[in-house]
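Using our numbering, read the sequence shown as starting at 154 and increasing by one per residue. What follows is a set of notes on a single structure, which appears directly below.
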Amino acid sequence: GAARAVAYALRSAGAEVTLYARRPDAAVETARSVGAASAPLPPPAGSWDLLVNATPAGGFPRQDERPVPGLPLDGRLVYDLVYNPARTRLVADAEAAGCDTLGGLPMLVDQARRQFEWWTGRRPPARLFLEAAEARLKTLARESVPETTR
C-alpha cells in the first residue's frame with residue numbers, strides 16, 4: 154500500500170519510478186498499476202536520486218535490520234517510511250553516506266491529521282498530532298527497555 158501510494162505520487166509529479174523488491178513478481182503488478190518500472194533488488198549503484206523504503210525493515214522491534222544490506226547509498230535523498238524508531242538505521246547510514254534524509258513520522262502525522270479532518274470536518278491544530286505521536290513514541294521506547302537496564 155505505501156509503496157503504491159509513493160510511486161503514484163511520484164509518477165503524478167512526473168518522476169521516473171522503478172520499484173525494486175525482494176519479490177520482483179509482487180512489484181510488477183504494483184508498478185504496472187502506477188505506470189512505473191520494476192526490478193529485483195538491489196538498485197544498481199548510481200541509479201537513483203530518491204530511495205524510499207516502504208518495508209518494515211528497521212522498524213521496532215527489528216531496529217538493526219537494513220532493508221537492503223550493503224546497498225550503496227549514493228543518491229540524493231533517502232526517505233524511510235518507518236517511524237518507530239524516528240531515526241532508523243537506514244536513515245543513519247544514509248546520513249553517514251552524505252544523503253539528505255526524511256523519516257516516516259511526518260507522513261504518519263499528516264495522514265492522521267487528514268483522516269481526523271475527513272471524519273470530523275474539523276482541522277486539528279498543526280502540532281497537536283505531531284506532539285501526541287512523539288510523546289507516544291517516547292513512552293513506547295521506555296517500555297521496550299528491559300527493566301534490568303533501566
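Every residue gets a Cβ at the ideal spot worked out from N, C-alpha and C, and that includes glycine.
{"Asked": "For E284, the nearest candidate out of A190, D233 and P259 (CA to CA)", "Found": "P259"}
{"Asked": "A168 burial status per 10 Å Cβ neighbour count (16 or more: buried)", "Found": "exposed"}
{"Asked": "Alpha-carbon spacing of P193 relative to A180, whole angstroms", "Found": "9 Å"}
{"Asked": "DSSP three-state assignment for T171, whether helix, strand or coil", "Found": "strand"}
{"Asked": "Given V221 as reference, the closest of R229, P214 and V205 once Cα atoms are compared", "Found": "V205"}
{"Asked": "Complete beta strand (DSSP E) runs within the segment 214–294 (minimum length 3 residues, chain order)", "Found": "230–233 and 253–255"}
{"Asked": "Nearest residue (CA-CA) to A210, options L281, G188 and L234", "Found": "L234"}
{"Asked": "Residues of its chain near D217, where Cβ-Cβ distance is below 7 Å and the 5 sequence neighbours each way are ignored", "Found": "R242"}
{"Asked": "Which of helix, strand or coil DSSP assigns to R303", "Found": "For R303, the pLDDT reaches just 46, beneath the cut-off of 50, and the residue's location in the model is therefore unreliable, leaving the point undetermined."}
{"Asked": "Which listed residue (L172, D202, A190 and A160) has its alpha carbon closest to that of G251", "Found": "D202"}
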